[in-house]
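Participant: Attaching a single structure in structure tokens format; questions to follow.
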Amino acid sequence: MSGPTGQAEAGSSDDQDIRLLSVSWNQDFGCFAAGTSNGFRIFNCDPFKETFRRDLKSGGFGIVEMLFRCNILALVGGGSNAHYPPNKIETQSNPKGLCCLSHHSNTSVLACPGVHQGHVRVEHFGLKVTRMISAHDSHISCMALTMDGLLLATASMKGTLIRIFNTMDGTRLQEVRRGLDKADIYSIALSPNVQWLAVSSDKGTVHIFSLRVRVAGEDASNEQRSLEGPRMDHQNSSSSIDPLIQTNTGSNASSSLSFMKGILPKYFSSEWSFSQFHLPEVTRYIVAFGAQNTVMMVGLDGRCSFDQVNGGQMLQKEYFRFIKADLTPLRTLAP
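Mind the numbering: the sequence shown is residues 1 to 335 in the UniProt record's numbering, read in order.
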């Protein structure tokens with residue numbers, strides 16, 4: 001049954017034939033888009049509701065990306081009957097299509113895998129500067145930029161370490177450890193105030209890390225200011241972001257033997273996650289930071305959870321199922 005706006009009612013029989021292909025956040029994490037086997041849907045996070053859908057008979061979408069909250073969308077075909085051919089977005093050296101862009105009005109930064117294994121290419125278009133960052137020994141599997149593009153977080157195919165870099169000069173600022181065994185990293189998210197980092201993987205745990213670097217002048221208690229991000233004009237900026245980086249007071253868990261750094265193996269000096277939340281291992285989740293110290297998780301099984309970050313085990317606050325079908329994910333998500 002459809003309402004006056006042409007949207008199918010939640011729980012209708014139409015949902016039973018839909019397969020969820022992808023989910024992705026918009027730039028301010030206030031909405032997310034779901035690509036399905038016969039179209040796409042847009043959801044608002046707070047309050048949670050479906051705001052728009054487009055159902056097609058001619059095919060589905062494997063990737064749906066929003067431009068903030070406007071009506072401009074990037075659509076890539078997907079599924080067994082793709083609406084647009086998905087192979088047109090693949091690149092020879094980047095089969096997963098990894099790429100991230102800054103979202104701040106005063107910066108234009110792009111990050112993508114470099115020509116060498118484990119390297120990331122960073123383009124500062126406003127400064128006409130290119131940086132090649134040697135991030136990992138193995139291939140890059142996931143990456144994320146801060147909204148201003150000044151910090152980059154990366155993970156490799158091993159999925160054990162997450163590294164944070166200064167994109168202006170390629171300096172490694174911090175390294176945190178997700179675990180010891182190999183993992184497929186599904187998504188990385190940096191909080192708008194650059195105080196926290198979230199990681200989801202196939203191990204069924206979302207990890208939250210405290211960052212030791214954050215943008216100077218940011219007020220973690222001022223939600224609106226943190227969402228706007230720092231203002232930096234590329235035309236007048238220097239080639240270093242040192243004045244914009246300061247030490248954060250948060251601390252991650254570490255080994256009791258970390259004081260013997262340089263003597264014992266690197267593992268003993270690792271920084272471990274500050275907070276965790278456990279999820280079914282069989283489901284792919286992408287993560288983002290919401291308002292009032294919360295973490296949002298969207299899963300490819302059609303569920304959306306909101307969880308508070310308190311250190312240690314997170315507490316579930318809300319839970320929504322946004323598509324009412326028994327869905328099978330078809331592809332790995334890029335952030």
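For glycine and all other residues, C-beta sits at the position ideal for the given N, C-alpha and C.
(1) Tell me the rounded alpha-carbon separation between residue 356 and valine 213.
(2) Using the Cα positions of isoleucine 164 and glycine 126, report the straight-line distance between them to the nearest angstrom.
(3) Counting beta carbon pairs with one atom in the stretch 48-58 and one in the stretch 92-105, are three or more of them shorter than 8 Å?
(4) Quick one: residues in its chain with C-beta nearer than 8 Å to the C-beta of threonine 160, no 5 flanking neighbours on either side, listed in chain order?
(5) Rounded C-beta distance between histidine 124 and alanine 135? I'm assuming under 8 Å.
(6) Expressed to the nearest angstrom, what Euclidean distance is found between the alpha-carbon atoms of asparagine 236 and histidine 278?
(7) Tell me which residues share the same chain as phenylalanine 43 and place their Cβ nearer than 6 Å to its Cβ, disregarding the 5 neighbours each side in the sequence.
(8) Report the three-state DSSP secondary structure of aspartate 17 (helix, strand or coil).
(9) Give the list of continuous beta strand (DSSP E) stretches no shorter than 3 residues that lie fully inside the stretch 135-182.
(10) Measure the Cβ-Cβ separation of valine 206 and valine 287 and say whether it is below 8 Å.
(11) Within its chain, find whatever has a CB closer than 6 Å to the CB of tryptophan 25; leave out the 5 residues flanking it on each side and keep chain order.
(12) Here's a check: name, in chain order, each residue in its chain whose Cβ is nearer than 7 Å to the Cβ of histidine 139, leaving out the five neighbours to either side.
(13) Identify the residues that DSSP records as bridge partners of proline 113: which are they?
(14) If contacts are defined as beta-carbon pairs under 8 Å, then leucine 21 and glycine 78 qualify, I think. What distance do you get, rounded to the angstrom?
(15) Taking C-alpha atoms, which residue in Ser210, Tyr285 and Lys317 lies nearest to serine 275?
(16) Considering cysteine 31, what are the terminal residues of the beta strand (DSSP E) in which it resides?
(17) Less than 8 Å separating the beta-carbons of isoleucine 188 and leucine 197?
(18) Quick one: give me the first and last residue of the beta strand (DSSP E) that lysine 96 is part of.
(19) Rounded to a whole number of angstroms, what is the C-alpha to C-alpha distance between isoleucine 18 and phenylalanine 61?
(20) Tell me, which residues are paired with asparagine 44 by DSSP?
(21) Going by the CB atoms, is the gap between serine 141 and isoleucine 208 shorter than 8 Å?
Facilitator: Taking the structure as given:
(1) Given that the chain is displayed from residue 1 to residue 335, the structure contains no residue 356 and the question cannot be resolved.
(2) 22 Å
(3) no
(4) Arg177, Arg178, Gly179, Leu180, Asp181, Lys182 and Ala183
(5) With a Cβ gap of about 17 Å, histidine 124 and alanine 135 do not count as contacting.
(6) Residue confidence for asparagine 236 is low, a pLDDT of 34 falling below 50, so the modelled location carries little weight and cannot support an answer.
(7) These residues qualify, in order along the chain: Phe32, Glu50 and Phe322.
(8) helix
(9) 140-145, 151-156, 161-166 and 172-177
(10) yes
(11) By the criterion of a C-beta distance shorter than 6 Å, tryptophan 25 is surrounded in its chain by Phe32 and Ala288, once the five residues flanking it on both sides are discounted.
(12) Take histidine 139, set aside five residues on each side of it, and the residues of its chain with a beta-carbon closer than 7 Å to its own are Gln117, Gly118, Ser156 and Met157, in chain order.
(13) Val120
(14) 5 Å
(15) Ser210
(16) 31-36
(17) yes
(18) That residue, lysine 96, is in no beta strand (DSSP E); it is neither H nor E in DSSP.
(19) 12 Å
(20) Answer by DSSP bridge pairing, in chain order: Cys31 and Lys49.
(21) no
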